[in-house]
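Notes to accompany the following structure.
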Amino acid sequence: MQLLPVFERGERVLAALSGGADSVCLLRLLVGLRDAGEIGLCAAHLDHGIRGEEARGDRAFVEALCRDHGVPLLSERVDVPALARAGRRGLETQARETRRAFLIRAMEQLGADVIATGHHRGDQAETLLMHLLRGCGLRGAGGMRARAHPFCRPLLHVGKEEILAYLAELGQSYRRDSTNFAPDNPRNALRLRFLPGLKALYPGCEEALARFARLAEEADDYLRGQAEAFLQARQRKEPFGASIEVQPLHPALKRLALALWAGTDYRGSEGLCDLYDKEAGALVLGKNRFERWGSRLYRIEGEPAPPPPQPLADGAALPGLGRILVAPWTGGPLGDDPLVQAVDGEALAGAELRTRRPGDRIQPLGAPGTRKLSDLMIDKKVPRPLRDWVPLLARGDRVLWAVGVALSQQAAIGDNTAETFRLEWEREELTHES
148 MQLLPVFERG
158 ERVLAALSGG
168 ADSVCLLRLL
178 VGLRDAGEIG
188 LCAAHLDHGI
198 RGEEARGDRA
208 FVEALCRDHG
218 VPLLSERVDV
228 PALARAGRRG
238 LETQARETRR
248 AFLIRAMEQL
258 GADVIATGHH
268 RGDQAETLLM
278 HLLRGCGLRG
288 AGGMRARAHP
298 FCRPLLHVGK
308 EEILAYLAEL
318 GQSYRRDSTN
328 FAPDNPRNAL
338 RLRFLPGLKA
348 LYPGCEEALA
358 RFARLAEEAD
368 DYLRGQAEAF
378 LQARQRKEPF
388 GASIEVQPLH
398 PALKRLALAL
408 WAGTDYRGSE
418 GLCDLYDKEA
428 GALVLGKNRF
438 ERWGSRLYRI
448 EGEPAPPPPQ
458 PLADGAALPG
468 LGRILVAPWT
478 GGPLGDDPLV
488 QAVDGEALAG
498 AELRTRRPGD
508 RIQPLGAPGT
518 RKLSDLMIDK
528 KVPRPLRDWV
538 PLLARGDRVL
548 WAVGVALSQQ
558 AAIGDNTAET
568 FRLEWEREEL
578 THES
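Residue numbers for the sequence shown follow the numbering used here, beginning at 148 and rising by one.
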């Protein structure tokens with residue numbers, strides 16, 4: 148029997164060893180790889196405190212097996228029922244999480260690089276059915292992966308019958324877990340009640356389900372790569388969130404890209420897909436607000452509060468937005484950067500750095516009077532999701548500079564200007580995200 152090629156040469160592998168047929172088969176095969184100089188090997192065994200004397204027998208068996216084959220073993224007992232009661236959790240959920248945490252700790256303690264488990268083709272078929280019945284996307288349809296750090300499953304292509312035949316050929320004994328034969332949880336019920344009927348109707352259904360999971364995994368990997376490339380090219384960091392440029396996308400790619408971008412699953416991305424295709428609109432999903440505006444879809448994370456105003460000074464900052472740099476200016480080119488401006492020094496007296504408030508007004512350059520800042524932002528096509536986060540230099544309700552949007556006539560350099568300053572707004576990490 149051959150293991151899947153999931154190991155790098157020289158890796159130290161921790162075998163998750165329960166004492167059952169699957170894990171014993173795995174250990175014997177890993178011993179062969181170790182003896183051939185391909186890998187290093189150690190093992191870990193956890194008594195969940197559920198099966199009493201039977202579990203103590205498992206532990207003694209595992210210890211003897213590892214001793215016979217020269218495999219370092221870390222073995223522990225944990226009272227999982229007590230943990231489940233204390234945390235008011237289901238016994239199966241508590242056992243799974245306790246086992247996972249133990250194996251990761253054992254990997255670190257024994258200096259292993261990866262944890263190998265004895266999951267086989269039948270386990271993959273059960274996992275796929277459970278995912279489909281609960282409702283999943285393409286990633287869930289891929290079932291368990293042969294390698295997903297820190298775990299690997301080198302028997303995922305092997306059927307249970309092959310495992311038992313291999314152990315019989317070796318004359319290798321193993322333990323039987325009585326809890327595996329009680330249909331008191333979804334996985335056991337599938338294995339004991341439903342899969343036998345499916346196999347009777349479709350004798351090759353286990354292989355077919357495992358094959359489908361492998362194809363779904365390949366398709367998901369491809370789409371995920373395309374979605375990540377799209378986000379890399381089209382995503383932009385924004386104040387308190389991000390935005391992506393809306394483009395026509397195949398529904399499968401759009402759904403996955405939005406799920407990755409929003410940190411949600413396929414079901415959670417349905418509303419985002421609808422919003423993506425609209426000309427405008429908004430949606431609250433979890434703690435985030437999403438809004439379509441113009442050619443972009445915006446994400447505002449949480450409920451950010453307006454940063455407190457700061458007196459104008461070199462380096463004064465608005466947390467989450469950036470800071471302002473102030474320096475004397477004696478002339479010279481400023482370039483075309485909208486975040487750089489030369490202003491009348493006298494106009495800055497008493498100015499503060501803040502974001503917009505109701506009643507803010509500005510006198511645009513060359514205009515005879517003032518107008519509402521909100522109206523100017525509309526005229527300047529400032530995206531609505533960002534209007535509350537445009538940094539402002541203001542005195543009272545009079546805006547001297549709406550950074551990147553407009554300079555007020557009050558702050559403009561004129562014939563009578565005695566002192567001038569160069570202002571530069573330095574954005575906070577406004578770069579493309581991966």
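C-beta: ideal position from N, C-alpha, C; glycine also. Since this is a predicted model, take the numbers as computed values, not measurements.
Which residues share a DSSP beta bridge with residue i?
i	result
I509	R518
K346	Note: K346 sits in no beta bridge, so no partner.
K425	K425 is not bridged to any residue.
P475	F568
P480	Paired residues: none, contrary to the question.
S222	H192
W440	R443
Q488	L570
P458	E499
Residue i and residue j: beta carbons closer than 8 Å?
i	j	result
E499	E566	no
Y313	G167	no
G237	A229	no
Q394	R383	no
G258	R414	no
L250	E223	no
M277	L337	yes
C420	L444	no
R501	L539	yes
A363	L285	yes
R503	V537	yes
V487	E571	yes
L472	E573	yes
R436	A427	no
G388	R446	yes
L378	L407	yes
R470	G462	yes
Let me know if residue i comes out buried or exposed under the rule of 16 or more other beta-carbons within 10 Å of its beta-carbon.
i	result
I525	exposed
P453	exposed
V171	buried
G433	exposed
Y423	buried
L510	For the record, residue 510 in the displayed sequence is Gln; it is not Leu. By the 10 Å Cβ count, Q510 comes out buried.
K480	It should be noted that the sequence gives Pro, not Lys, for residue 480. When all chains shown are included, P480 counts as exposed.
F341	exposed
G561	exposed
H195	buried
S555	buried
P532	buried
S390	buried
F298	buried
L396	buried
E155	exposed
E580	The predicted model places E580 with a pLDDT of 42, which falls under 50 and marks its position as unreliable, so this point remains unresolved.
D205	buried
L280	exposed
R323	exposed
G157	exposed
G287	buried
T274	buried
R235	exposed
L348	exposed
D412	exposed
D367	buried
A263	buried
Is any heavy atom in the ligand MN found nearer than 7 Å to the beta carbon of residue i?
i	result
W536	The ligand MN is not among the ligands present in this structure, which contains no ligands whatsoever.
Quick test of your reading: residue i and residue j, contact by CB under 8 Å. State the CB separation rounded to the nearest angstrom.
i	j	result
F609	P475	Here the chain covers residues 148 to 581 and nothing more, so residue 609 does not appear.
P530	L468	The Cβ separation is near 15 Å, so there is no contact.
L520	A559	Not really, about 17 Å apart at Cβ, beyond 8 Å.
A553	L547	That belief does not hold up - the Cβ atoms of A553 and L547 are roughly 10 Å apart, past 8 Å.
L150	L302	7 Å
A177	A162	Here residue 177 turns out to be Leu, not Ala, going by the sequence shown. Yes, L177 and A162 are in contact; Cβ-Cβ is about 6 Å, under 8 Å.
V261	T245	In fact, because the Cβ distance is near 20 Å, the residues do not count as touching under 8 Å.
E354	K346	About 10 Å separates the two Cβ atoms, so there is no contact after all.
A253	L221	5 Å
E239	N332	5 Å
V227	L164	That belief does not hold up - the Cβ atoms of V227 and L164 are roughly 18 Å apart, past 8 Å.
G582	D535	Outside the displayed span of the chain (148 to 581) sits residue 582, for which this structure offers no information.
E392	S325	Not a contact, Cβ separation roughly 58 Å.
D169	G318	Not quite, the Cβ-Cβ distance comes to about 18 Å (not below 8 Å), so this is no contact.
**Asked** With contact counted as at least three CB pairs below 8 Å, one residue from each stretch, are the stretch 300–307 and the stretch 188–195 in contact?
**Response** no
**Prompt:** With a cut-off of 8 Å, do at least 3 Cβ pairs link the stretch 288–297 to the stretch 266–277?
**Reply:** yes
**Message:** With three or more beta-carbon pairs closer than 8 Å as the criterion, would you say the stretch 512–519 touches the stretch 431–446?
**Reply:** no
**Item:** Meets three-Cβ-pair contact criterion under 8 Å: the stretch 367–375 and the stretch 389–405
**Value:** yes
**Prompt:** Is the number of C-beta pairs between the stretch 196–212 and the stretch 347–366 that are closer than 8 Å three or more?
**Reply:** no
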